[in-house]
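Going left to right, the first sequence walks through residues 1430 to 1693 as my numbering numbers them. The beta-carbon is built from N, C-alpha and C at its ideal position, and this holds for glycine as well.
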Amino acid sequence: MKIAAWNVNSLNVRLPRLLAWLEKQAPDIVCLQETKCENVRFPQDILLDAGYQSCFHGQKTYNGVAILARRDMAMSEVGCGIDDYDDPQARVIAATVDKIRAVCVYVPNGQAVGSEKFEYKMQWCRHLRRYLQEALMQHPELVVAGDFNIAPDDRDVCDPDIWRGQILCSDEERVTFRSFLSLGLVDSFRLFKQPPNVFSWWDYRQLGFIKNRGLRIDHLLISEALRSQCISSTIDRDERKGEKPSDHAPAVAEFRDRRSALLF
DNA sequence: ATGGCAATGTTTCATTGA
């Protein structure tokens, strides 16, 4: 079982690449961010033809999230947004897929430390934490997948000295990231020995990808109940190559086959 | 010191992203 998180930076533009990627990687669950796609325009039928059902929470121009699941899996309990938090921005969608609760998140960027958008990011994250705490109580097998817009520590930053204290890397954001983990979640990527300088986002400008000047800001956090089932967690760097890539590469976690386990 | 790329709609520029 493979679960992925991918900020596609416009589903409309990325659809050909998404379809090719689904066929190549055959993930079971995919959490998409920055679909920038209103619900009425969501390419539900095309994805169904490709073998995936979907739920989506979009808006015009900005943000937008969706969860894809293989058609033969059971998807239920779809929830949009954070409960008891009126957020005009479409940044969260959750669904239960074959007993796993998947929460797809697009954390605000924050623009600059101390800015109004930074305060929104911090407040938003406090609401997300409360929401995840509740979700964990109801669903022990939980995945929080998406674009967190936080590089958890210096290993996740191409040039820590340049980025120190900057947006995506500030202490306040890193404390916030750890506050998610303290709920009983773990960064699946760090469960495994990883090579250095693995990132999930590279600036389109200044040959950022060629020079590997990136950040690891896209994450798959998993609950304790899923930890022992997780067998790998990687970034599909190749997806950042070629024609019209997203500026983010997908994060993919693989889990031991659950179907046999369900028999007992 | 600034913008540099890409996507969107308010479209031939401004805004946003990270």
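Neighbourhood of residue i by C-beta distance below 8 Å, restricted to the same chain and skipping five residues each side
| i | result |
| --- | --- |
| I1660 | E1683, F1684 and R1685 |
| Y1633 | D1676 |
| P1625 | R1584 |
In DSSP terms, what residue i is bridged to
| i | result |
| --- | --- |
| N1436 | Q1462 |
| V1572 | A1531 and I1651 |
| I1664 | A1680 |
| K1431 | E1683 |
Same chain, Cβ closer than 6 Å to residue i, five either side skipped, listed in chain order
| i | result |
| --- | --- |
| V1507 | C1484 and A1524 |
| A1678 | S1629, I1664, D1665, R1666, E1668 and R1669 |
| L1451 | A1479 |
| V1542 | I1596 and S1599 |
| E1653 | G1613 |
| F1547 | G1539 |
| I1458 | I1432, A1498, V1526 and A1531 |
| P1589 | D1583 |
7 Å Cβ shell around residue i - same chain, five flanking residues per side excluded
| i | result |
| --- | --- |
| V1615 | L1650, I1651 and R1656 |
| N1468 | F1485 and G1487 |
| M1502 | D1457, V1526 and D1527 |
| L1565 | L1571, L1612, G1613 and S1652 |
Beta-carbon proximity check, residue i vs residue j, cutoff 8 Å
| i | j | result |
| --- | --- | --- |
| I1511 | V1526 | no |
| F1618 | L1561 | no |
| N1492 | Q1454 | no |
| V1494 | T1464 | yes |
| M1504 | Q1482 | yes |
| A1580 | I1646 | yes |
| L1477 | R1500 | yes |
| C1460 | G1594 | no |
| C1466 | L1497 | no |
| I1529 | V1572 | yes |
| F1577 | V1627 | no |
| L1636 | C1587 | no |
| A1680 | A1434 | yes |
Among the options, nearest to residue i - alpha-carbon criterion
| i | options | result |
| --- | --- | --- |
| E1602 | N1438, R1555, P1625 and L1476 | R1555 |
| L1444 | D1590, K1546 and R1470 | R1470 |
| V1534 | Q1462, Q1635 and S1544 | Q1462 |
| H1648 | Q1567, F1606, K1673 and R1687 | F1606 |
| D1513 | S1544, E1563, K1550 and E1545 | E1563 |
| M1430 | S1662, P1674 and E1672 | S1662 |
| I1591 | P1569, K1550 and R1642 | R1642 |
| D1515 | A1449, Q1552, V1604 and H1568 | Q1552 |
| R1687 | K1622, N1438, Y1549 and Q1658 | Q1658 |
TODO: Please specify which runs of the alpha helix (DSSP H), each continuous and at least 4 residues long, are wholly inside the segment 1479-1562, giving them in chain order.
DONE: none
Open item on the list: List, from N- to C-terminal side, the alpha helix (DSSP H) runs of 4 residues or more that fit wholly inside the segment 1575-1655.
Closed with: 1589-1592 and 1600-1610
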